[in-house]
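These notes are about the structure you will find just below.
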Amino acid sequence: AQSVTQLGSHVSVSEGALVLLRCNYSSSVPPYLFWYVQYPNQGLQLLLKYTSAATLVKGINGFEAEFKKSETSFHLTKPSAHMSDAAEYFCAVSDRSTGKLIFGQGTTLQVKP
Amino acid sequence: NAGVTQTPKFRVLKTGQSMTLLCAQDMNHEYMYWYRQDPGMGLRLIHYSVGEGTTAKGEVPDGYNVSRLKKQNFLLGLESAAPSQTSVYFCASSYSGLSYEQYFGPGTRLTVT
């Protein structure tokens, strides 16, 4: 069965610092991977997705993620954090047989001034 | 384009009461999903539908029923609410499964007392 693990339920960075949110997946076949962001009291919106094209995927708001098959990882990064990046971030893998998304537990990003 | 809308936004139920949550999408998507979000557990799939007239169980289906009589609507029912069903419920839709992005509604916050 596929699964997703997000390391660290809370991450705190200073404004302007590097953002690194970690995601590891378990899958017996090449996965489709997603990062979603959830701002307070809102639904989820897609940041970026990996669908077996380029391993470095660029998303919205300056975020990017790199698919590393050897490490089964899909970490999310942003070179310089902005206060508006404070939100909860979810990594997800798509079940290839059903198309269902399997979510990680989420990481709350706090950005300090 | 309204995207995915959910009705109601908030609801308080007493144990044993019933209710129906309505999800509507105007993107002509085939797939629709119901999730619940609980702190520290990410999003868990309750039921989903791959087309009008079809439904299937997700990860946590017990205590819930669904119907997809029209392509644009996906209803989630609680026949006899329990305090364990206190959660935030999200509906999502996608063109297809697998690599296609899921679009999320704003959520319904349900409290069962």
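These protein sequence lines are chains A and B, in that order. Residue 101 in the numbering used here sits at position 101 of the first sequence, and the numbers go up by one each step. Residue 125 in the numbering used here sits at position 12 of the second sequence, and the numbers go up by one each step. Beta carbons are placed, not taken as given, at the ideal position from N, Cα and C, and that holds for glycine.
Worksheet item: Rounded C-beta distance between Thr120(B) and Leu188(B)? I'm assuming under 8 Å.
Response: Position 7 of the second sequence, counted from the first residue, corresponds to residue 120(B). Position 75 of the second sequence, counted from the first residue, corresponds to residue 188(B). At roughly 10 Å, the Cβ-Cβ gap does not stay under 8 Å, so Thr120(B) and Leu188(B) are not in contact.
Discussion item. Alpha carbons only, please: which of Met83(A), Leu56(A), His82(A), Ser9(A) is nearest the one belonging to Phe139(A)?
Written reply: No information on residue 139(A) is available, as it lies outside the stretch 1 to 113 that chain A covers here.
Worksheet item: Looking only at DSSP bridge pairs, what is Ile114(A) linked to?
Response: Here chain A has residues from 1 to 113 only, and residue 114(A) is not among them.
Discussion item. Using the three-state DSSP reduction, which class does Ser52(A) fall into: helix, strand or coil?
Written reply: For the purposes of this step, residue 52(A) is taken as residue 52 along the first sequence, with counting starting at 1. Three-state DSSP puts Ser52(A) in coil, outside helix and strand.
Discussion item. Please identify the residue among Lys100(A), Lys58(A), Thr51(A), Ala81(A) whose C-alpha is closest to the C-alpha of Lys69(A).
Written reply: For the purposes of this step, residue 69(A) is identified with residue 69 of the first sequence, where counting begins at 1. Distances from the CA of Lys69(A) to each of Lys100(A), Lys58(A), Thr51(A), Ala81(A) were compared; the closest alpha carbon is that of Thr51(A).
Fill in: 8 Å Cβ cutoff met for Leu7(A) and Arg22(A)
Start at 1 with the first residue of the first sequence, and residue 7(A) comes out as number 7. Start at 1 with the first residue of the first sequence, and residue 22(A) comes out as number 22. In this structure, Leu7(A) places its C-beta atom within 8 Å of the C-beta atom of Arg22(A).
Fill in: Bridge-paired residues (DSSP) for Glu172(B)
Taking the second sequence and counting its residues from 1, one reaches residue 172(B) at position 59. Residue pairing of Glu172(B) in beta bridges, as defined by DSSP: absent, with no partner found.
Item to complete: Spell out whether any CB of chain A is found under 8 Å from the CB atom of Pro219(B).
Response: Here residue 219(B) refers to the residue found at position 106 when the second sequence is read from its first residue. Against chain A, the CB of Pro219(B) has a partner CB under 8 Å away; the residue lies at that interface.
Worksheet item: According to the Cβ coordinates, are Thr5(A) and Gly106(A) closer than 8 Å?
Response: In the first sequence, the residue the question calls residue 5(A) occupies position 5. In the first sequence, the residue the question calls residue 106(A) occupies position 106. Not in contact: Thr5(A) and Gly106(A) (Cβ atoms no closer than 8 Å).
Worksheet item: Looking at C-beta atoms only, is the number of pairs between the stretch 197-212 of chain B and the stretch 166-174 of chain B that lie closer than 8 Å three or more?
Response: Contact between the stretch 197-212 of chain B and the stretch 166-174 of chain B is not established, with fewer than three Cβ pairs separated by less than 8 Å.
Worksheet item: Can you list, in chain order, the residues of the stretch 128-148 of chain B whose Cβ is nearer than 9 Å to any Cβ on chain A?
Response: Within the stretch 128-148 of chain B, the qualifying residues are Tyr144, Tyr146, Tyr148.
Item to complete: Starting from the beta carbon of Glu214(B), find every residue of chain A whose beta carbon is closer than 8 Å, and list them in chain order.
Response: One-based indexing of the second sequence puts residue 214(B) at position 101. Neighbours of Glu214(B) on chain A, chain order: Phe34, Leu46, Lys49.
Worksheet entry | Candidates Ser209(B), Gln198(B), Tyr208(B), Tyr216(B): closest to Leu276(B) by CA position | For chain B, the structure presents residues 114 to 226; residue 276(B) sits outside this window and is missing.
Worksheet entry | Min CB distance Phe123(B) to chain A below 8 Å | Your numbering for residue 123(B) matches position 10 in the second sequence. Look at Phe123(B): its C-beta is not under 8 Å from any C-beta on chain A.
Worksheet entry | Beta-carbon proximity of Gln2(A) to Tyr36(A), cut-off 8 Å | In the first sequence, counting from the first residue as 1, residue 2(A) sits at position 2. In the first sequence, counting from the first residue as 1, residue 36(A) sits at position 36. In this structure, Tyr36(A) does not lie closer than 8 Å to Gln2(A) by Cβ.
Worksheet item: Can you find a C-beta in chain A that's less than 8 Å from the C-beta of Gly164(B)?
Response: Translated into positions along the second sequence, residue 164(B) becomes position 51. By this cut-off, Gly164(B) is not an interface position.
Practice prompt. Have a look at Leu44(A) and Leu158(B) and give me their C-alpha separation to the nearest angstrom.
Written response: As a working mapping, residue 44(A) is identified with position 44 in the first sequence. As a working mapping, residue 158(B) is identified with position 45 in the second sequence. Each residue's alpha carbon lies about 14 Å from the other.
Worksheet item: In chain B, what lies closer than 8 Å to Lys100(A) by C-beta?
Response: On the first sequence, residue 100(A) is found 100 positions in, with the first residue counted as 1. Those within 8 Å of Lys100(A) in chain B are Tyr146, Leu158, Tyr161, Gly171, Gly210.
Discussion item. Below 9 Å on C-beta distance, what does Phe203(B) contact in chain A?
Written reply: Within the second sequence, residue 203(B) is the residue found at index 90, counting from 1. Within chain A, the residues near Phe203(B) are Gly43, Leu44.
Practice prompt. Under 8 Å between beta-carbons, which chain B residues line up against Gly16(A)? List them in chain order, please.
Written response: Along the first sequence, one-based indexing puts residue 16(A) at 16. The contacting residues do not exist; Gly16(A) stays about 29 Å from chain B at best.
Worksheet item: Can you name the residues of chain B whose CB is closer than 8 Å to the CB of Gln120(A)?
Response: This structure does not reach residue 120(A), given that chain A is present from 1 up to 113, and the question cannot be answered.
Discussion item. According to DSSP, Asn24(A) sits in a beta bridge with which residue or residues?
Written reply: On the first sequence, residue 24(A) is found 24 positions in, with the first residue counted as 1. Looking at the DSSP output, Asn24(A) shares a beta bridge with Thr5(A), Ser73(A).
Worksheet item: When the cut-off is 8 Å and only beta carbons count, does Phe90(A) lie next to chain B?
Response: Here residue 90(A) refers to the residue found at position 90 when the first sequence is read from its first residue. Chain B, which has a Cβ nearer than 8 Å to the Cβ of Phe90(A), makes this yes.
Discussion item. Bridge partners for Ala87(A) per DSSP, in chain order?
Written reply: Taking the first residue of the first sequence as 1, we reach residue 87(A) at position 87. Bridge partners of Ala87(A): Leu109(A).
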